[in-house]
Amino acid sequence: MFADGLFMLFAVLAVLGAAGLVLFRHPMNGAMSFVITLISLAGLYALLSAKLIFALQLIVYAGAIMSLIVFIIMFLNIQPEDLPKEEGKLLNILGALIIVAPIGYFLVKIVNRLPNATTELLGNNFGGVKPVGLLLFKDWLVPFEIVSILLLVSLMGALLLAGKKKEVSK
Amino acid sequence: MTNDLMLLLPLIIVGVGAIALMLASAYKIINNTSAALGSALVFAVAFLVQLSFCLKGNAVLFSDTFNGILVANTFSKGAGLVILACGLFTSLSSQTYFKQNDFCSPEYYSLTVFAASGMLLLTMTQELISAFVALEIMSLAIYILVGYNRKNVVAAEAVLKYLMLGAFAGAFLTMGTAFVYGQTGTTQFAKIGQYIAANGFTQSPAIIGGAFFILVAFLFKAAAFPFHAWVIDVYDGASMPITGYMATGLKTAIFAVFANFLVADAQLHAGWITFLFYVSVLTMFAGNLIAIGQYSLKRMLAASGIVHSGYLLIALVAVSTEAFSGAVIAYYLAAYAAGTLGIFSALSYLSGKDEKRVTFDDFKGLAKVRPYSAAAISIFLLSMAGIPPTAGFMGKFYIITSAIDAGQVTLAVLGIISSVISMWYYLRLIINMYFYEAEESFADTVPSSLASACTFALAFCVFAISLYPLAI
Amino acid sequence: MFEHVLSFIIFLPIVAGLLLLATPANRTVARFTGTAISLAALVLSLDLYTKFQATGHLEFIENIPWVESLGINYSLGVDGISLFILMATSVLLPMVYFIFSTKEKGYYANLLLVQGAMTGAICATDMVLFYIFWEVMLLPVFFMLGLYGGEKRLPATLKITLYTIAGSLLMLAAIIYLGVSYHAQFGEWSFAMDKMANLNLEGRVAALAFFGFMIAFAIKIPLFPFHTWLPDAYTEAPTATTFVLSAVMAKIGVYGVVRFVLPVFDMEFARYAILLAYLGVIGMMYCGIAAIAQKDFKRMLAFSSASHMGIIALGVFCMNVQALTGSIYQIVAHATSTGVLFLFAGVLEQRTQTRSIADLGGIAAKAPVFALYFAIAMLASVGLPGTSGFIGEFMIILGAIKFNTMVGVLAGTTLIVGVCYMLWMFQRVFYENPTPQSEGFKDLSLVEGLTFLPVIVLIIAMGIFPNTFLKKITPSTELVFSQSEPAAVHTAAVTPVQVPGLNLEKN
Amino acid sequence: MEHSVTYLGLIPLFPLMGAVLIGLLHVFTCNRRKLPEMLYGLLACVGPVLSFIMALKIFFALKGMPADERFLSQVAFTWFSVGDLHINMGFLADPLSSLMLLFVTLIGSLIHIYSIGYMKGDKNFGKFFSYLNLFLGSMLILVLGDSPVVMFVGWEGVGLCSYLLISFYSDGTDNVLAGNKAFIVNRVGDLGFVLGMSFLFWGIGSHGFDYMSLKANVHHLAPGVALATCLLLFVGATGKSAQIPLYVWLPDAMAGPTPVSALIHAATMVTAGVYMVARFSFLYAHVELAGTIVAWVGILTALLAAIFGMFQEDIKKVLAYSTVSQLGYMFAGVGVAAYSAGIFHVFTHAFFKALLFLGAGSVICALHHEQNIWKMGGLKKKMPKTYITMLIGALALSGCPPFSGFFSKDEILYSALASGHFGIWAVGVLVAGMTAYYTFRMMFVVFHGEPRDQHAYDHAQESPAVMTVPLIILAVGALFAGFLNLPAIFGGDQMVSHWLAPSVTEHHPHTGLFVEIIAIGASVVAFLIGIKAAYSRFGKGAEEPNFSGFADFAYHKFYVDELYDAVIVQPYKRVGAAIWKTIEPNVTDAPVKSVSTLYMLLGSAFKILQVGYVRVYAIYMIIGLSVMSLFLSQTLN
Amino acid sequence: MIHSYLYLSIILFCLGVVGVISRRNVFTVFMSIELMLNSANLAFIAFSRVHESMDGHVLAMMVMAVAAAEAALALAVVILLHKHKSKLDTNVFSLLKG
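If you read the protein sequences in the order shown, they are chains G, V, B, L and X. Per the working numbering, residue 1 is the first one in the first sequence, and the count goes up by one each step. Per the working numbering, residue 171 is the first one in the second sequence, and the count goes up by one each step. Per the working numbering, residue 643 is the first one in the third sequence, and the count goes up by one each step. Per the working numbering, residue 1150 is the first one in the fourth sequence, and the count goes up by one each step. Per the working numbering, residue 1787 is the first one in the fifth sequence, and the count goes up by one each step.
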């Protein structure tokens, strides 16, 4: 029951955070609202016995990625007049909801046809660092390795696109 | 065993080459030209290695080393060959391109090779999340390359559009993967196939939904209708060699993974035939209809790329899951790549500084001034239009044959009708080049260069590929 | 080398043409090469002609496997039907180099290319190979029309190209459908033309495939109502191109029907022949009547050519040996008459700088030799006995009468329709009083006269001694109908589509 | 008896070779130095004369044979052979064709000689003779051909020559138009011929398509097909022989030089239709209805042409209509199955009509190409030879006993009466009277009375011997040819009829002497009435009348030309223009055009959809996804 | 129950989509995409719980890595765009169209 209560709490927070992200005009507000979602998600991960992911969500997502985003938002020093004037934003969102509805309906229908399962916490170190790490370095070696390339590329990209202009060398 | 692992050699060469180039450029060891030649060398070596594997026969990478995540088969080898060739020609024509445009740095070539490593991974991967990561490697590298010209707002706009929509589609891919994982408990193609074979496709709702989202992501990258709209703008904003690279290498990789996923199980494939049928028809026609209204060559070629995706989708509809060799798809990709790369390498040296010549009208009378270039461009256009005896024709021929063989007569006929429609805009350029008087002398273009060498080599390829008999 | 003579005839011009394009040769070299190569092809063809055995089957067969997994071969061969179209190509094309001497390099190179491609299409016995040549032969025409055509050439170029390609791509689908059906029925892949006759095709898809072929050929021929590209293209094209189009290329459409549709789709053919025959007849009358309204003699000849093609096509649709042989014969006859008339029109245009009938007059008095040549070609074109035009036309009408009385009677009107516009034009251009444009008209030079002479002689020889030629054709045409004999038994059960009110029952 | 000979083919070959030789000489020299006219003249006359000699040889060779085996044949080579269709370039000389041969070559030769004088000084002298020779060659092929197809070669060949010669003075638009008209109208007939041949072939042609085989197999022919064949072939005959409704070209054909009118448009070519019907007598005898139709068409043509002839003012037009009228008689003859009578009239008509035309030509020459009879008059004093010979011709034409025309025409009328075709006979007698009237109207106006154009009259003089000698020879023919077929009633033995008997299938009705006397009497009375009427009106000189009422209507030839122009020619041209200007762009080409318009329209629509806003592109994706999701949701159930 | 987690995942996913297609602010759009990725991660973890296998956790980690990489690049692009136009409006960048 306690778990259900927590779930409800996190779920509501997550949805509200997401709604805030969509609705707030200023990206800063959106980002803050989004952080709430991320943190609630971390809680949900914990409820799902994903200990490592719970930690990572907080550290990597809510921590690293979001701080980066917030930093950039601040860095750009965005004035309200730089923001797009989104007249009829609510109408847009309403329209978007209508367009998205069939997709949601479809997914819900799928979920309904999936067997339901309990979400009691699993012991036995499920989702702990060690078993996940073992899995990661045994079965999932290839994606893990190639993610490194991905990050390398991303690094170069950040440098090349946003970095200071270099002298053109011929 | 080592013999089997050898099959990874091209991938390793490319990966190592990319990192080496990156480091070399970071430490300013190399200049642009040597970086270009270095990357070309990497591609060339990898290409030759891959070629030797292709010729050697049906050695398959054993499946349990990487938990079945990486597999090499004839299709992945063929597609890899095409990708490496694309990379080679892109590097070479870039070198010429940057004689007229000055936003280059050696990292450019490193990224080209990185992108190729992502593409090679995509062709070999047999697992969804690796596919996603590989896709992102490739995409990220390409995003950067698209936006490489930082001074150009158009390039920035292109990378915005591409990145935003690409990430959007990527999100669908992850969601789809999640659903597939939810149903089957695995993300490996082979095991998904086994699951479907055991439980039935229609009995697995999450696979329907998950596969749908995965397909959507692939279709987005392949620029299928209605996920095609970005292509035009992105190609337009990117620089010539990169546009060519995107149109060919990227498409090859995407269709490779697409096909590998789709043939995981016969039911899975069969379940999507109707869907793919409509998508491919709409893709072909939408692409054509966009292409006819274009003034810019790059936009036209982008739209024509959409049409070619439509043809490839026909091939996907028609593949046989029992004896999948992907030969038709690989052949078509090779044929298409030869034509498209050829055109873009020609444009690389003809478009002039800052790509000032990109519209149809800019090329009026080219044949009077640069007859051989005009002839080569005409050959590429005819190949893309599917006029014999070019590779494009044979590719189309194989696709239509496989479609009719698979009972998809309507699709074949629609494909043919679309290729009639496409004739107009290809011919339009030929008409502009040949049937008008030259308005300018093209004096500022680099007369003989790597790009022009590429162009003529590819023109030769267009015919050579057409003569290569394909075993379906 | 003789076992590869067909390859030589095909690729000699193609290679020469490509070399000309690839090298910076000047126009003199180009013209000389063109002349030499086309004459070489002529010599080879004549040699081939004399060695042709007239067995009715394919001769000079070459067969090299190409795409073995799909049974596609590089296979060539000629029988009586293709031999004649091949000969028409080889004999007629060299003339062009002698007559129009001031053209650019590309002009001659494209002529060589189109010659090779057309010969290839004629000789190919594998359907895929045929299709390849079929498409390739359009390209030189596209370039010649676009590069060297008249003022309004661009729309005409686009129209002919798109129209023809549209048709031929549909044929591609049909070809592939046949190959796939063969695979399904016999377990092996093949696109060989002679194997397709064994196919047992039924149902809606077969009918669609039939129309796929028919539309492609109908556009090329062109059969009414697919002729609308023709007037513009023929008018705007440079003379040699118009000549190539009308004298040979259109014929390959008819040839395609005989070679690919007739043996393979016997049921569909029997069912739809009556409709197609009416299209042929209507086209003949429609274009013939439209010709009378033309003010431009080249356009008039274009309509005349379309009109004749209607009757030639009709001969194929009549499904009897007389009409079919007549068609094949008429193909050559038409090439030597109307085709050559286009060359004459080119001469007229070159000398008077006008294509308007009203601007000309009295040329017969100024240029008697030219007038004589023109008159002979014209009379052949209206089917006067004693010229090449009569034999074929007579046999077609004869066959049409057997096929369907009404069609036959309508086909007969070609005798009247043709003569109306031709005489009208001849009157205005050659008779009456000279106009300023035709005042200084020079008669044919010696070279020109000698160039045209063989064709003029051929026109008469084909009218007087047709049997020497027919001997080589008839074994093949008779075979067409004897081969489908078993089919004919079950085609008897096929009810032809009913054309209401037009089917006269014969007594 | 050996029937196969090798020299038949030579007969047409001689003039044909002459034609080629003269033609080439002319073509290559006409714009340079002129060759002497005598050279052309000699070359031109060699062929016809040689042919005439051969014709005589054949005639005598046939004469030497037993009556029912009188035929000679030659197969030069296989012309074409496809399936059942087997056509030889073969020639057949039997009594019918040998008779035709004789007079065609004779009159042809004479007219060649005459033309040397008539065409003197013409700049296209050589061309003329080339055409004339070509004509003669074609005519001989027509006569000698052993199958309908070979006959058709000659048939079209003479049509071509007719066209070429009518438009000989090619700088005059009217002349060329007349030529065109002749060729096109003839082609309409030829269409009938070709279709007739086709029917015949599919009926009985598979066992051989020559006359002999056809004759042997004719009883296999289904009655319907036989009737259709007969009528279609007759359509061909109406074109060539200027019968209703295709007679309109012949009067216009007088635009050609007068010897041409004499040879082609009077003596030989126009009778080809009659010859053809006689040739197919085995077929027509098989279908009685066809014969009756032929006869009625013929006699009505005779009547119509006679009416027109009464009001013409052009001397050649008078003769042209009289030719049409006489041809009508011939068809009436062959129509009532009196083939020998019809052919006999062809034979006699050839002499007297050629004579009349040549005489007219002589007059025209003398008056410097004046053809209007109302500008002539009193010429008999100036041109006595011409007058006398023409008088003989006129008498023969009018059917005055014992001139040739009397016997042949009487034979036809008698046959009509005897075979019970009373109506045809009655009209025939009426036409006989009219013939006498218009013939002598012409004679009186031209040669009698006072000169109407004094200036022309003063310059007129008798023609040279090269023109008058043929006139005299023809006059002799016109006088005496009739005796060749003298009927029994006059003590003759009907030589021509007996000669022709093996070639034609006819039954001679046996009637009493009474009927024969009635026929002769009626003819003679009609002739007398006609000549009396002409004399009383024109005998003492008359001025050009002003026509009104029916006469005006007839003077304008019942406006038939105008009718044809309005009903056929103009609509044809208008349809042509409509197709080109209206139907082609708006109907036939409309699908193509609308497809390309639609294509461009869709293209611009899709161009608009590429708005450039990345958000909108995402919306496209999501809309697509939603639609697909909706569909997929359905499948989940 | 696990369905609730999945419904939540779907809701978040749809909200992410809505954010992408209804907003013009570049940051919001990118964060909406991150939201979509997170919803997928939630689904991964939930399904992982269903199967009681930790593969889903690994997959979620991968997704996070990719999300980080993408985020880095996206922010670089935002900076680039801001340098050009000083605007964050996606509609401003519509030079390429038609």
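Using N, Cα and C, we set each Cβ at its ideal position, and we do this for glycine too.
Classify residue 318/V as helix, strand or coil using the three-state DSSP reduction. coil
Taking only beta-carbon atoms, is residue 1876/X less than 8 Å away from chain L? yes
Nearest-angstrom Cα separation, counted from residue 217/V out to residue 638/V: 18 Å
Would you say residue 822/B faces chain V, with C-beta separation under 8 Å as the test? yes
For a test of the three-state rule: what should DSSP assign to residue 408/V, helix, strand or coil? DSSP places residue 408/V outside both helix and strand once states are collapsed to three, so it counts as coil.
In terms of alpha-carbon separation, which member of 196/V, 538/V, 419/V, 349/V lies closest to residue 392/V? 419/V
Counting only the same chain and skipping the five closest in sequence on each side, list residues whose C-beta sits under 7 Å from that of residue 1013/B. 1005, 1006, 1072
Chain-ordered residues of the stretch 87–119 of chain G with a beta carbon less than 7 Å from chain V: Answer in chain order: 106, 107, 110, 113, 114.
Nearest residue (CA-CA) to residue 1081/B, options 677/B, 1001/B, 1033/B: Looking only at 677/B, 1001/B, 1033/B, the smallest Cα-Cα distance to residue 1081/B is reached by 1001/B.
In angstroms, rounded to a whole number, what distance separates the CA positions of residue 431/V and residue 238/V? 13 Å
Going by DSSP, name the residue or residues bridged to residue 717/B. 705/B
Compare the C-beta of residue 292/V with all C-beta atoms of chain L and state if any pair is closer than 8 Å. Put simply, the CB of residue 292/V is far from chain L, with every gap to its CB atoms at 8 Å or more.
At a Cβ threshold of 8 Å, is residue 469/V touching chain G? no
Output yes or no for whether 8 Å exceeds the beta carbon distance between residue 1049/B and residue 920/B. The answer is yes: Cβ separation under 8 Å.
Taking the straight line between their C-alpha atoms, what separation do you get for residue 1687/L and residue 1549/L? 19 Å
Quick check on DSSP: helix, strand or coil for residue 923/B? helix
Shorter than 8 Å from the beta carbon of residue 1347/L to some beta carbon of chain B? yes
Identify the residues that DSSP records as bridge partners of residue 768/B: which are they? Residue 768/B pairs with 834/B.
Contacts that residue 1753/L makes with chain V (C-beta to C-beta distance below 7 Å): 463
With a threshold of 8 Å, are at least 3 pairs of Cβ atoms found where one atom belongs to the stretch 780–790 of chain B and the other to the stretch 735–754 of chain B? yes
Roughly how many whole angstroms lie between the Cα atoms of residue 317/V and residue 955/B? 60 Å
So, for residue 1713/L: in the same chain, excluding its five sequence neighbours on each side, which residues have a beta-carbon less than 7 Å away from its beta-carbon? For residue 1713/L, where only same-chain residues beyond five positions count, the Cβ hits under 7 Å are 1397.
Using the rule of at least 16 other Cβ atoms within 10 Å of the residue's Cβ for burial, across every protein chain shown, is residue 1127/B buried or exposed? For residue 1127/B, the predicted model reports a pLDDT of 48, less than 50, meaning its position is unreliable; a value from the coordinates is still stated below. Burial call: exposed.
For residue 1238/L, list the residues DSSP reports as bridge partners. 1226/L
Look at the alpha carbon of residue 1788/X and the alpha carbon of residue 272/V, and state the distance between them as a whole number of angstroms. 56 Å
Is it a yes or a no for the stretch 597–613 of chain V touching the stretch 1745–1763 of chain L, going by three-plus beta-carbon pairs under 8 Å? no
Name, please, each residue of chain X whose Cβ falls closer than 8 Å to the Cβ of residue 63/G. Under the 8 Å cutoff, chain X gives no residues; its nearest Cβ is about 11 Å from residue 63/G.
For residue 1179/L, go through chain B and note every residue whose CB falls closer than 9 Å to its CB, in chain order. In chain order: 1007, 1010.
Need the endpoints of the alpha helix (DSSP H) that residue 473/V sits in, please. 467–488
Under 8 Å, with one C-beta from each stretch per pair, do the stretch 1798–1817 of chain X and the stretch 87–107 of chain G reach the 3-pair mark? yes
Closer than 8 Å, CB to CB, is residue 1760/L near chain X or not? yes
With a cut-off of 8 Å, does the C-beta of residue 183/V fall near any C-beta of chain X? no
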